[in-house]
Amino acid sequence: MITPQEIEEKVFKKSMRGFNCEEVDEFLDDLRVDYENLIRENESLKERVRMYSEQLNKYTNIEDTLKETLITAQTAAEDTTSAANKKARIIVEEAEFMGKQKIDEATSRVIEIRKEYDNLTAEFKMFKNKFKSLLESEIKNIDEICSNIDTGLASQYEWRTAMSGYDDDRYDIEDTFGATGAMDDEEEYHSDEERTSPEDIFNL
């Protein structure tokens, strides 16, 4: 490549019919100046291209970094979302399992309590019937005893009355045995017994 200095130092041989030396020198000077301007402009353009290339590389690196960062962020977000969904699913499943377990336990407990209640109710009814039968049996025995007492007292009263004809002063039944008072007590007992039943006494 010809340099401006070579143009400036170029020497042409002279001849009889050659070009005008002054015109040639003037043209060469103009050519040198233009060529120098072209070279400077070319260098400036090269420098600008270099700067733009560096900036482009810089922006390209930034773009690559941003892409990598974006990909990393997306991956992290997806991993976080997946982990959160998995954890939430596990929590929901555990809650559902525990809830079902609690419901099953409560249901079993209700069944047990119901069975205990039924058993206690049956035992109470059995006890009530047995106690009622016992009371009725005891009352029947008392009635028989009282009836026997009444019969004995009546017989004794008749015998004493019969004997009183022989000796009224010696065999005064009311003074000696209090038969009439005993009869009144027995009648009052039977009257109370008729008014009160075992069911009324024990609320059976």
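Here the sequence shown is numbered in the working numbering, starting from 13 and rising by one per residue. The beta-carbon is built from N, C-alpha and C at its ideal position, and this holds for glycine as well.
Quiz item: If you scan the region 24–100 from start to end, which runs of the alpha helix (DSSP H) of 4 or more residues do you find wholly inside it?
Solution: Given a length threshold of 4 residues, the region 24–100 has no whole run of the alpha helix (DSSP H) inside it.
Quiz prompt | residue 124 to residue 164 span [Cα, whole Å] | solution = Distance between the alpha carbons of residue 124 and residue 164 is about 59 Å.
Quiz item: Taking the alpha-carbon positions, what's the residue 166 to residue 132 distance?
Solution: Rounded to the nearest angstrom, the two C-alpha atoms are 49 Å apart.
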